[in-house]
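Counting in this note's numbering, the sequence shown runs from 222 upward without gaps. Just below is one structure, and these are the notes that go with it.
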Amino acid sequence: MSKANRYLLDVNVLVALTSTTHVHHQLVKEWFNASADIQWSVCAFTEAGFVRTVTAPRPGQLSMSEATTVLAQLTKHPGYRYQPINADWQTLCSPFFKRLYGTKQVTDAYLLGLALSEGLVLATLDKPIIHLAGEHGNHVLLVLSKAAG
């Protein structure tokens with residue numbers, strides 16, 4: 222991991238980082254803690270996706286209050302930065318239109334576009350984002366491959 226990189230956390234990385242029962246919790250935690258000076262961000266989409274995911278009605282899920290407490294605690298972690306979104310969806314996603322083929326990529330393209338526009342690297346567990354990124358692949362970090370290797 223380059224010290225120069227600043228990361229925008231994808232929802233799946235944020236969920237894995239904060240949930241000890243997540244299948245990739247240990248790998249994401251090791252990657253996240255590998256550098257004392259990691260700089261990382263979340264945005265409104267990441268926060269909303271996190272809350273939506275961890276409060277979905279399934280056994281072991283968090284209450285809304287617990288989920289918002291987790292988000293508040295994360296802001297106290299060293300290297301945290303909130304990343305505002307200052308552009309519309311079309312502007313952020315236009316570099317990926319030729320590879321955007323399904324509804325499940327809408328948020329991926331938005332987060333990737335935000336990372337690209339802000340000079341960040343999208344840290345994700347989602348392998349298809351590599352294809353979506355195309356020539357902008359240097360703005361994607363597949364955490365699973367970094368943690369494993």
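The beta-carbon is built from N, C-alpha and C at its ideal position, and this holds for glycine as well.
In this chain, residue 362 is not harboured by any alpha helix (DSSP H); it is covered by the beta strand (DSSP E) spanning 361-363. The DSSP-derived three-state label of residue 282 is coil. Assigned with DSSP and collapsed to three states, residue 331 falls in helix. Distance between residue 306 and residue 254, taken at the CA atoms: about 26 Å. The residues 266, 310, 313, 314, in chain order, have a CB closer than 7 Å to that of residue 331 in the same chain once the five nearest residues on each side in sequence are set aside. Scanning 343, 363, 355 for the CA closest to the CA of residue 227 turns up 343. In this chain, the alpha helix (DSSP H) harbouring residue 354 covers 349-354.
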